[in-house]
Amino acid sequence: MPGQSFLQRLAGQIGLYAAVACYVAFALLPIYWTIKISVTPPDLLYSEGIRLWPSRMTLANYASVLEATDFPRYFLNSILVSVATAAIVTAVASFAGYALSRFRFRGKAMVSLVLLLTQTFPLVMVIPPIYRIMGQIGLTDSLYGLIIIYTAFNIAFATFLMQSFFDGVPKDLEEAAMIDGCTRLMALRSVILPLTLPGMGATVAFVFTAAWSELLFGLMLINSESQKTFSVGLLTFIGKFAVDWGQMMAASVLALIPVCLFFLFLQRYLVTGLTAGAVKG
Amino acid sequence: MTAFADDIAGLQRQADRRRWLEPWLYLSPALVIIFTVLIVPLIIGIGYSFRKFSAFRSEFVGLGQYRTMLGDPVLHGALINTFWWTVWSLALQFFLGLGLALLLNRPFHGQKLVQGLVFLPWAVPIFLTGLTWAWLFNPLIGPLPHVFHAIGLQAEPVTILADPATAMWGPIIANVWFGIPFFAITLLAARKSIPSELYEAAAIDGASPWQQFTKVTLPFLAPTIAITVMLRTVWIATFADLIYVMTAGGPAGSTNTIATYIYVSAFKSLDKGYASAIAVLLLVLLIAYALIVIQMRRALLRDA
Numbered sequence: 001m002p003g004q005s006f007l008q009r010l011a012g013q014i015g016l017y018a019a020v021a022c023y024v025a026f027a028l029l030p031i032y033w034t035i036k037i038s039v040t041p042p043d044l045l046y047s048e049g050i051r052l053w054p055s056r057m058t059l060a061n062y063a064s065v066l067e068a069t070d071f072p073r074y075f076l077n078s079i080l081v082s083v084a085t086a087a088i089v090t091a092v093a094s095f096a097g098y099a100l101s102r103f104r105f106r107g108k109a110m111v112s113l114v115l116l117l118t119q120t121f122p123l124v125m126v127i128p129p130i131y132r133i134m135g136q137i138g139l140t141d142s143l144y145g146l147i148i149i150y151t152a153f154n155i156a157f158a159t160f161l162m163q164s165f166f167d168g169v170p171k172d173l174e175e176a177a178m179i180d181g182c183t184r185l186m187a188l189r190s191v192i193l194p195l196t197l198p199g200m201g202a203t204v205a206f207v208f209t210a211a212w213s214e215l216l217f218g219l220m221l222i223n224s225e226s227q228k229t230f231s232v233g234l235l236t237f238i239g240k241f242a243v244d245w246g247q248m249m250a251a252s253v254l255a256l257i258p259v260c261l262f263f264l265f266l267q268r269y270l271v272t273g274l275t276a277g278a279v280k281g
Numbered sequence: 282m283t284a285f286a287d288d289i290a291g292l293q294r295q296a297d298r299r300r301w302l303e304p305w306l307y308l309s310p311a312l313v314i315i316f317t318v319l320i321v322p323l324i325i326g327i328g329y330s331f332r333k334f335s336a337f338r339s340e341f342v343g344l345g346q347y348r349t350m351l352g353d354p355v356l357h358g359a360l361i362n363t364f365w366w367t368v369w370s371l372a373l374q375f376f377l378g379l380g381l382a383l384l385l386n387r388p389f390h391g392q393k394l395v396q397g398l399v400f401l402p403w404a405v406p407i408f409l410t411g412l413t414w415a416w417l418f419n420p421l422i423g424p425l426p427h428v429f430h431a432i433g434l435q436a437e438p439v440t441i442l443a444d445p446a447t448a449m450w451g452p453i454i455a456n457v458w459f460g461i462p463f464f465a466i467t468l469l470a471a472r473k474s475i476p477s478e479l480y481e482a483a484a485i486d487g488a489s490p491w492q493q494f495t496k497v498t499l500p501f502l503a504p505t506i507a508i509t510v511m512l513r514t515v516w517i518a519t520f521a522d523l524i525y526v527m528t529a530g531g532p533a534g535s536t537n538t539i540a541t542y543i544y545v546s547a548f549k550s551l552d553k554g555y556a557s558a559i560a561v562l563l564l565v566l567l568i569a570y571a572l573i574v575i576q577m578r579r580a581l582l583r584d585a
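Which chain is which? The protein sequence lines are A and B, in order. Per the numbering used here, the very first residue in the first sequence carries number 1; after that it's consecutive. Per the numbering used here, the very first residue in the second sequence carries number 282; after that it's consecutive.
#1: Rounded to a whole number of angstroms, what is the C-alpha to C-alpha distance between A:T272 and A:R189?
#2: Quick check: is the beta carbon of A:V32 nearer than 8 Å to any beta carbon in chain B?
#3: Short of 6 Å in beta carbon distance, which residues of its chain neighbour B:D257, apart from the five on each side in sequence? Order them along the chain.
#4: Measure from the C-beta of B:V515 to each C-beta in chain A and report whether the shortest distance is under 8 Å.
#5: Between the Cα of B:V515 and the Cα atoms of B:V428, B:L567, B:G352, B:I543, which residue gives the shortest distance?
#6: Are the C-beta of A:V65 and some C-beta of chain B separated by less than 8 Å?
#7: In angstroms with no decimal places, state the Cα-to-Cα distance between B:L499 and B:F463.
#8: Are the Cβ atoms of A:L143 and A:L80 separated by less than 8 Å?
#9: Could you tell me whether the Cβ of A:L10 comes closer than 8 Å to any Cβ of chain B?
#10: Identify the contact partners of A:Y17 in chain C, using a Cβ-Cβ distance below 9 Å as the criterion.
#11: By the criterion of Cβ-Cβ separation under 7 Å, what are the contact partners of B:K553 in chain A?
#12: Measure the beta-carbon distance from B:A503 to B:A382 and round it to whole angstroms, keeping in mind my assumption that it falls under 8 Å.
#13: Using a Cβ-Cβ cutoff of less than 8 Å, which residues in the same chain neighbour B:D552 once the five nearest sequence positions on both sides are dropped?
#14: Using alpha carbons as the reference points, say which of B:G378, B:T541, B:G554 lies closest to B:L469.
#15: Are the CB atoms of A:A93 and A:T159 nearer to each other than 8 Å?
#16: Does the beta carbon of B:W369 come closer than 8 Å to any beta carbon on chain A?
#17: Residues of chain B with a CB under 9 Å from the CB of A:D141: which are they?
#18: Check for me: the beta strand (DSSP E) holding B:R338 runs from which residue to which?
#19: Kindly list the residues whose CB is nearer than 7 Å to the CB of A:W245, restricted to its own chain and excluding five residues on each side of it in sequence; keep chain order.
#20: Could you confirm whether any beta carbon from chain A is found closer than 8 Å to the beta carbon of B:L502?
#21: Can a CB atom of chain A be found closer than 8 Å to the CB of B:G326?
#22: When DSSP labels each residue in this structure, what does A:D244 get in the three-state scheme?
#23: If you measure beta-carbon to beta-carbon, which residues of the segment 344-358 of chain B are closer than 8 Å to chain A?
#24: By how many angstroms is the C-alpha of A:V83 removed from the C-alpha of A:I127?
#25: Please report the distance separating the alpha-carbon of B:W365 from that of B:L306.
#26: At what residues does the alpha helix (DSSP H) containing A:K228 begin and finish?
#27: When the Cα atoms are used, what is the spatial distance from B:T410 to A:C260?
#28: In this structure, how does DSSP classify A:F95 when only helix, strand and coil are distinguished?
#29: Hey, how far is the Cα of A:A278 from the Cα of B:W301?
#30: Which stretch, first to last residue, makes up the alpha helix (DSSP H) that contains A:K36?
#31: Determine the direct distance from the alpha carbon of B:E481 to that of A:M1, and round the result to whole angstroms.
#32: Going by the C-beta, is B:I461 closer than 7 Å to any heavy atom of the ligand FMN?
#33: Excluding the five sequence neighbours on either side, which residues of its own chain have a C-beta within less than 8 Å of the C-beta of A:K108, listed in chain order?
#34: What in chain A is Cβ-close to B:V406, meaning under 8 Å?
#35: Three Cβ pairs or more, each shorter than 8 Å: is that satisfied between the segment 518-534 of chain B and the segment 354-368 of chain B?
#36: Quick one: which chain B residues come within Cβ less than 7 Å of A:G218?
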């Protein structure tokens, strides 16, 4: 930038990197600690509690999690539920968000209010009624039941999010396309969707992680080992035995891996900044 | 001639009908799912708040549960705790999240890697977040009490979770850690959709970085900020898992919020009726809050 001395720029750069380092340290501290505990032998757990890294390392916790428990199955169940929920919610919420962003119609304020309402009540309130309804239609102890509930609970937020992303795309763009002979759906697909891809990426990421870490409904609805999701499975460690910290931390480190991969994949939709580029070009 | 006019009018009506139907067509999948899975159970749940449940039966008690609520000192304390828990969690999450979004919007070495790392807390399951932070605060096995002691925040390295005066900060810090990525991701995505010409024009006009922030960035982010802050407030206020895992509402009720109180009433005392009545109170408070924020957002959009 002109008018700035070399020293000012240097100070700005140092400040930038220092701030970034603080954020990274804060974000990683608990995750680092989880990894550390997962490789600490049980006899050193308390005696070396505050050391940054244990004097001896063990992978026994990981081996027992993978071989002696049902965790591999819990992982698969969680992945199935989270991917299905994220896909359905993003599709449904994109249409709903588009309608709220682009149309004026009677009842619109009412729709927003109803969506908001679903975000304002404590989940515990609907657990007894939902449990009864799901039992009557045979969806307790089923991953499909979980997908339906997670979908319902995430739609409102995802719709608001998509609405705000659609609001950010100038209306002139699709109007121009429609004057050029596109139908609304064609305009939506070829003009609007590419511009809102970063927003959709963010929506997918939010819904996936929300479904991935949900505990309450999983705990209420799932009974059999074969249908347990990851968070419910982790709790059996606390419930059945005292608390096997080493195994629990090893299991949670393993559970972090799919989410890490997912985030790496989504990064590019968040980063590309397609909107600015397209509007400019 | 009249037949022709009728045709035109008919076509017009048809077009009107199509235009009227179109938004509802896009909205229908979302609305159907929400009504069957959430609204119907919600209404049933409100019905529960007028009943008293015991082991095998329930009876209609009218407003009895609400009368009990008025004279409940635990609920009074929980209301105050909920207020501070929500205000501090939200304020810290928002400002740290906004700061992170603006940092990540600037180019620097390792930017992509950093972004992946700082968003990671969002992916950590909530009850695991609670357990890990409880460990970090534990002086036997965690480092934090020793850090607090060394920089003079604490006279002795003890867990802050056992002291009623400081216990609430434990779940608040864990909540902030978990929630920063939420604001960072949404605000970063909104920031990226601001056309860069606006900044170029502002720079040509001689605007300082601070002026660019207040005159360009903030007004463009305002609609997203209003929505995310509103939804986040509601989530935090109804969010019981984290506190429940870390302190279970203790010590001496110092971290008991309305949400954890509902948990306890619903599961420990088995009276779904009283739990539902408290939930209705929370629902009314949050809807009032949400309506105020929506009005403010509308005013903001009108000005912009």
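Where is the CB? At the ideal position from N, CA and C, for every residue including glycine.
Answer, in terms of the structure:
#1: Caution is warranted here: a pLDDT of 45 is assigned to A:T272, below 50, making its placement in the model unreliable, and the coordinate value is therefore given only provisionally. So the two alpha carbons sit approximately 19 Å from each other.
#2: What sits at residue 32 of chain A in the sequence shown is Tyr, not Val. No, no contact with chain B.
#3: The structure shown does not extend to residue 257 of chain B, since chain B is modelled only from 282 to 585, so the question has no answer here.
#4: yes
#5: B:L567
#6: no
#7: 18 Å
#8: yes
#9: no
#10: Although the question refers to chain C, the structure presented lacks it and instead comprises the protein chains A and B.
#11: P128
#12: Contact flag wrong, Cβ pair sits at about 14 Å.
#13: K333, F334, S335, S546
#14: When each option's Cα is compared against that of B:L469, the closest is B:G378.
#15: yes
#16: no
#17: Here the premise fails: no neighbours, minimum Cβ distance about 17 Å.
#18: Neither: B:R338 is in no beta strand (DSSP E) and is coded neither H nor E.
#19: Around A:W245, the same chain offers I37, L45 as residues with beta carbons nearer than 7 Å, after the five sequence neighbours per side are excluded.
#20: no
#21: yes
#22: coil
#23: none
#24: 23 Å
#25: 42 Å
#26: Here A:K228 belongs to no alpha helix (DSSP H), and DSSP marks it neither H nor E.
#27: Cα-Cα distance, rounded: 16 Å.
#28: Looking at A:F95 - three-state DSSP - the assignment turns out to be helix.
#29: With a pLDDT of only 32 at A:A278, under the threshold of 50, the placement of this residue in the model should not be trusted; the figure read from the coordinates follows. Roughly 31 Å separates the two Cα atoms.
#30: 6-38
#31: Note that A:M1 has pLDDT 48, beneath the 50 cutoff, so the model's placement of it is unreliable and no number is given.
#32: Among the components of this structure there are no ligands whatsoever, and the ligand FMN is therefore not found.
#33: L100
#34: Reading the sequence as shown, one finds Pro at residue 406 of chain B and not Val. What B:P406 touches in chain A: W212, S213, L215, F230, S231, L234, S252, A255.
#35: yes
#36: Residues of chain B passing the Cβ test: none, with the nearest at roughly 11 Å.
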